[in-house]
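Chains A and B, in that order, give the protein sequences.
Residue 50 in our numbering sits at position 28 of the first sequence, and the numbers go up by one each step.
Residue 196 in our numbering sits at position 174 of the second sequence, and the numbers go up by one each step.
All C-beta atoms, glycine included, are put in the ideal place defined by N, C-alpha and C.
Worksheet: the structure to be examined is printed underneath.
Protein chains: 2
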Amino acid sequence: MMKNVIVGQSGGPTAVINGSLYGVVSEALKKSDCFEYVYGMVNGIEGFLHDQIMDMSTLVPTGELELLKTTPGAYLGSCRYKLPEDLNDPVYPTLFEKFTAKNIGYFFYIGGNDSMDTVSKLSRYAASINSDIRVIGIPKTIDNDLVETDHTPGFGSAAKYVATTVREISIDASVYDNKKSVTIVEIMGRHAGWLTAASVLARKFEGDNPILIYLPEVAFNQEEFLAKVEESLKTTPNLVVCISEGINDGNGTFICEFASDVGVDNFGHKMLTGSGKYLENLVKEKLGVKVRSVELNVSQRCSSACLSKTDLEESISGGAFGVNAALNGETGKMIAFSRTASAPYNMECTTADVNIICNMEKGVPLEWITKDGSDVSDEFVNYAAPLIQGSIEVPMKNGLPNFAYRK
Amino acid sequence: MMKNVIVGQSGGPTAVINGSLYGVVSEALKKSDCFEYVYGMVNGIEGFLHDQIMDMSTLVPTGELELLKTTPGAYLGSCRYKLPEDLNDPVYPTLFEKFTAKNIGYFFYIGGNDSMDTVSKLSRYAASINSDIRVIGIPKTIDNDLVETDHTPGFGSAAKYVATTVREISIDASVYDNKKSVTIVEIMGRHAGWLTAASVLARKFEGDNPILIYLPEVAFNQEEFLAKVEESLKTTPNLVVCISEGINDGNGTFICEFASDVGVDNFGHKMLTGSGKYLENLVKEKLGVKVRSVELNVSQRCSSACLSKTDLEESISGGAFGVNAALNGETGKMIAFSRTASAPYNMECTTADVNIICNMEKGVPLEWITKDGSDVSDEFVNYAAPLIQGSIEVPMKNGLPNFAYRK
């Protein structure tokens, strides 16, 4: 009797996490001689525990499956559910009884390092009970912080969004070029600066904005920052500075936390201020120059307008590769990307041991950050540029993108 | 001897203000039997006073003129320079001497109501000295708040950006649909709610997010707002609320000002909080539900990724129409849009007396806002939907939009 496939999504969404889902589902449906049903878990492993599953083949006749490719967010819904460390916890037999009841032979989980932790635990538990269920992780994260892979699906599109938007903000900031101004752009990335570093791609020519780029990998010094801003304003009257939300003093204190004694709101709660807002106030106070801060916010991970063709195609092929890896007997693996050539860029899918990936974080190499910590090097540009290439035409309906959604 | 043309840009930029510039310049260059030179003012009337002008024909061989169409920001640079009310002020003869020195016969100014004030004053001064210079205003503003015109260039693309982004944010917000959450999206518009109202277009089906929409045209009651949020959460667990930055209590106090006694930063300055942030804290405190606020910020006026084809084409044709209106002897006029049919939509350019446009603001009609002030009606949808139709392929280079910029 043929086994069934189940696929779920977990953690924060990206612009292409549904591309990975499309890759898994379309490849599994194609292999109708290998699989009986292709199920989706609604709201990840947490939803599965509540028997929330759906038959993914129902998306084919409605055309929703094709729409998935360009739909941001997690179509199946997500969760942030951490399985217990103790494999003797009763949740494991509960889960595997449900797998058996649904005749699941192949389990795919699309997510970041927390999700890979789920893949690791399920595959280890499966081994411990001699279950032949195959458990495969499909990577996704705009943070690009997974080890054992050249990059992660979701990063390219987020990087393209950041670079495009910073270029546009720089143009917007320069319309009054007879008046000095500072624009501080806060970009996602609590611990890894990949996405902030991608703002370097916005430069149209040497010496163009963003002039200053600060990542969390290097200690942030407020005095040096102010000196840099003052110096840069001499040659760039409308200065754009990109900072990671996670910039910190190198001793474990986020820069935004320096503002935490700032004041309480009218309910007596501490005001939560981002690092961008904090630095906006700092520049205003210390340099007396016109300044504003812009938080790029959730559009970084859910904008469909800046989808990278490279990123989307890779996310789809990563999902499809995962299905074939599982068919070939692999389990406890994450699909990884290996860059086989740089010019021209070429990527091949491979597999990596999920146990050495989960719960690890990969930062930007320090040698790709300039010595004074205020810029990134050409090595980073060469690394990131191929990942944002190519555009995607998103299907439109009545003037707006036509997204898939669960009814 | 043929006269020369000069064109400038003023006020805040939009995604299509350069489309209007393209319209004026390309039409004027085409009419080489009517005009000698086509000049651009750099940084508006303020830059012109400092003799900052450029020959726009130099953009043709480089291809920059074509790129203008899809370049956000103000290519020529902008200014916020208000001409004196007193037409006896010496700045007027100074300006007109410069016009004479440059043999200017046609003056085009692209901007919002402040810029129309400049057009009004220059045309009235010209009349007072019997100058035959023709002064024409070309409208632009994402705020859509100019009177005597159906809508303004720039609004359609900004509305498309808002609707697209709110749809994406709604999808992003719904990935954990087993947990209640409120997302408050703050949209530009200090006095007019047109752009915030455009968020209604994001709804994919009846009852879809954004559920609540608040405009500055109607007094905002915090208690009623909280009750609405609580009620809406019962049917929409991941609630999206769109508010205009300018929502106010109806007695002249912006909602964000209720937070102004919130606290001072570490420099002793009052913290500036947006209305979205203020309501985020209010909901957190009073309803105890997970809540975040997102400020859409400057991308509303400078994103090239959501250009409306309708908006761009209209901005170009408005500029070209202005050139022909001036040739036909019109002066002291703004180019206006007249909607001649709704289904299918049809627009014709016309002219309107700039003196009754400048310094006026047009809000969303109260009858297009639902009785409880938390939504907009189908009349608004029918009005706005045609303005966001059609997409534009922005020229790309190395994975990013290729924009024109002054060297």
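* Taking only the alpha-carbon atoms, compute the straight-line gap between B/T36 and A/C371 and give it to the nearest angstrom. => Take the alpha-carbon of B/T36 and the one of A/C371: they are about 43 Å apart.
* Asked: Within 6 Å: the Cβ of B/L388 and any heavy atom of the ligand HEM?
  -> With respect to the ligand HEM, the structure shown offers nothing to examine, as it has no ligands at all.
* To do: Name, going along the chain, the residues of the segment 260 to 281 of chain A whose beta-carbon falls closer than 8 Å to a beta-carbon of chain B.
  => Listed in chain order, the positions of the segment 260 to 281 of chain A with a beta carbon within less than 8 Å of a beta carbon of chain B are F280 and A281.
* Round the Cβ separation of A/S100 and B/V197 to the nearest angstrom and send it over; I've been treating them as touching at under 8 Å. => That belief holds up - the Cβ atoms of A/S100 and B/V197 are roughly 4 Å apart, short of 8 Å.
* **Where the segment 90 to 101 of chain B meets chain A: residues whose CB sits under 8 Å from a CB there** => Those would be T93, P94, G95, A96, G99, S100 and C101, in chain order.
* To do: Please report how far the alpha carbon of B/V207 lies from the alpha carbon of A/A195, in whole angstroms.
  => Cα to Cα, the separation comes out at about 23 Å.
* Does the beta carbon of A/A185 come closer than 7 Å to any beta carbon on chain B? -> Contact with chain B is found for A/A185, since one of that chain's Cβ atoms lies less than 7 Å from the residue's Cβ.
* Asked: Between B/G30 and B/M76, is the Cβ-Cβ spacing less than 7 Å?
  -> Going by C-beta atoms, B/G30 is not nearer than 7 Å to B/M76.
* Between the segment 412 to 420 of chain A and the segment 323 to 343 of chain A, do at least 3 Cβ pairs fall closer than 8 Å? -> Contact holds: three or more Cβ-Cβ distances are below 8 Å.
* Look up A/C264 in the DSSP assignment and give the residues it is bridged to. => A/C264 pairs with A/V207 and A/I235.
* To do: Could you please give me the residues that DSSP links to B/C56 through a beta bridge?
  => None, per the DSSP bridge assignment.
* To do: Specify, as a first and last residue, the run of the alpha helix (DSSP H) that A/A180 falls within.
  => Where A/A180 is concerned, the enclosing alpha helix (DSSP H) starts and stops at F177 to A195.
* **Local conformation of A/E317 per DSSP, three classes** => It is a strand residue.
* Within chain B, partners of A/C56 - CB distance below 8 Å -> Here the premise fails: no neighbours, minimum Cβ distance about 30 Å.
* Asked: Which residues mark the beginning and the end of the alpha helix (DSSP H) in which B/T372 is found?
  -> Counting along the chain, B/T372 falls outside any alpha helix (DSSP H), though it belongs to the beta strand (DSSP E) covering Y367 to D375.
* Asked: How many Å lie between B/E252 and B/E335 at the Cα?
  -> A straight line joining the alpha-carbon of B/E252 with that of B/E335 spans about 43 Å.
* How is A/I151 classed by DSSP in three states: helix, strand or coil? -> If DSSP states are grouped into helix, strand and coil, A/I151 belongs with coil.
* **Reduced DSSP secondary structure (H/G/I, E/B, other) of A/P423** => Of the three classes helix, strand and coil, the one that applies to A/P423 here is strand, per DSSP.
* Asked: Can you name, in chain order, every residue of its own chain whose Cβ lies under 6 Å from the Cβ of A/L144, other than the five neighbours on each side?
  -> Counting only residues of its own chain and dropping the five nearest sequence neighbours on each side, A/L144 has a CB closer than 6 Å to the CB of V157.
* Under the rule that 16 or more other beta-carbon atoms within 10 Å means buried, what is A/A374, buried or exposed? -> With 16 or more Cβ atoms within 10 Å of its Cβ, A/A374 is classed as buried.
* So, using beta-carbon positions, are A/G133 and A/K162 closer together than 7 Å? -> In terms of Cβ geometry, A/G133 and A/K162 form a close pair [threshold 7 Å].
* Does A/A327 come within less than 7 Å of chain B when only Cβ atoms are used? -> A/A327 has a beta carbon lying within less than 7 Å of a beta carbon in chain B.
* Range of the contiguous alpha helix (DSSP H) that encloses A/Q244 -> In the DSSP assignment, A/Q244 falls within the alpha helix (DSSP H) that extends over Q244 to T257.
* Asked: Would you call A/T295 buried or exposed, if buried means 16 or more other Cβ atoms sit within 10 Å of its Cβ?
  -> When all chains shown are included, A/T295 counts as buried.
* To do: Examine chain B for any beta-carbon lying closer than 7 Å to the beta-carbon of A/Q411, and answer yes or no.
  => At a cut-off of 7 Å between C-beta atoms, A/Q411 counts as an interface residue with respect to chain B.
* Asked: Out of A/A214, A/N40 and A/S142, which has the shortest C-alpha to C-alpha gap to A/I106?
  -> The sequence shown places Pro at residue 106 of chain A, rather than the Ile named in the question. The option with the nearest alpha carbon to A/P106 is A/S142.
* To do: Could you pull out every unbroken alpha helix (DSSP H) segment of at least 4 residues lying fully inside the segment 294 to 343 of chain B, listed in chain order?
  => Those alpha helix (DSSP H) runs which fall completely within the segment 294 to 343 of chain B and span 4+ residues are 297 to 309 and 321 to 324.
* To do: Tell me whether B/G412 sits in a helix, a strand or coil according to DSSP, three-state version.
  => B/G412: coil per DSSP, three-state reduction.
* **Where A/P387 falls: helix, strand or coil (DSSP)** => Under the three-state reduction of DSSP, A/P387 is assigned to coil, being neither helix nor strand.
* Asked: Would A/E208 count as contacting chain B if we go by Cβ distances under 7 Å?
  -> No, no contact with chain B.
* To do: Compare the Cα-Cα distances from B/L248 to each of B/V188, B/L223, B/E239 and B/V313 and report the closest residue.
  => Considering only alpha carbons, the answer is B/V313.
* **Residue of A/K226, A/T353, A/N420 and A/F242 minimising C-alpha distance to B/Y427** => The shortest C-alpha separation from B/Y427 is found at A/K226.
* Validate contact between the segment 77 to 88 of chain B and the segment 43 to 56 of chain B using beta carbons, cut 8 Å, 3 pairs -> A contact exists between the segment 77 to 88 of chain B and the segment 43 to 56 of chain B.
* N- and C-terminal bounds of the beta strand (DSSP E) containing B/D199 -> Premise fails: B/D199 is in no beta strand (DSSP E) and is neither H nor E.
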